[in-house]
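In what follows, a single structure is set out as structure tokens and then discussed.
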Amino acid sequence: MQTSKHSQFIYIFNLTITTAICIISFDCSPAYEEIEIVYQAEDGQRITAVYHNPTNDVDKFSVTLEIPRGQPITLNQGAAASGVRYTDDKTLVWWTKSNVAFMMKPDGKGDWQITDRYKEILLDQNR
Numbered sequence: 001m002q003t004s005k006h007s008q009f010i011y012i013f014n015l016t017i018t019t020a021i022c023i024i025s026f027d028c029s030p031a032y033e034e035i036e037i038v039y040q041a042e043d044g045q046r047i048t049a050v051y052h053n054p055t056n057d058v059d060k061f062s063v064t065l066e067i068p069r070g071q072p073i074t075l076n077q078g079a080a081a082s083g084v085r086y087t088d089d090k091t092l093v094w095w096t097k098s099n100v101a102f103m104m105k106p107d108g109k110g111d112w113q114i115t116d117r118y119k120e121i122l123l124d125q126n127r
């Protein structure tokens, strides 16, 4: 009798652990695919853009810009007539189209002005 109860306990225990692992594995899948691209301005300054593309229908597209001598900045995707536009709607816009990117900042008159132009550079990580 004891062996039967012990076997039953082991079976239920193993089944519970297996189920828990399956649930955790499903819930721990990455919510974003990350794509890292390096851009270079005409003056040689480089910016690394890490694009966060959601793997579900809930999360938003965003980009984290790694600017030399500055803190990383994360911007959410905004509306754009052409290309892809990321912004915080206050201080910065990062707008990409094909292999070109523009950085825009407020001009102080209620509009945005292009402050820098960047072109994607081909590195091993960009391929």
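Numbering of the sequence shown is given in my numbering, commencing with residue 1 and proceeding in unit increments.
Beta carbons: idealized from backbone N, C-alpha and C, even for Gly.
Since the model is a prediction, treat every value here as computed from it, not as a measurement.
In the three-state reduction of the DSSP assignment, Ser4 falls in the helix class, which pools H, G and I.
Residue range 46–54 is occupied by the beta strand (DSSP E) that includes Asn53. Inter-segment contact for the region 32–43 and the region 70–90 is absent: fewer than three beta-carbon pairs are separated by less than 8 Å.
The residues Lys119, in chain order, have a CB closer than 6 Å to that of Val100 in the same chain once the five nearest residues on each side in sequence are set aside.
DSSP places Ile114 within a strand segment (E or B) once states are collapsed to three. Put simply, the backbone Cα of Tyr51 is about 14 Å away from that of Val93. In the three-state DSSP reduction, Ile67 falls in the coil class, being neither helix nor strand. Non-local C-beta neighbours of Tyr32 in its own chain, meaning closer than 8 Å and more than five positions away in sequence, comprise His52, Asn53, Pro54, Thr55, Asp59, ordered along the chain. Nearest C-alpha to Ala49 among Asp89, Thr91, Gly108, Val84: Val84. Where Leu75 is concerned, the enclosing beta strand (DSSP E) starts and stops at 73–78. For Ile35, the enclosing beta strand (DSSP E) starts and ends at 32–41. Ile121 has its alpha-carbon roughly 21 Å from the corresponding atom of Gly70.
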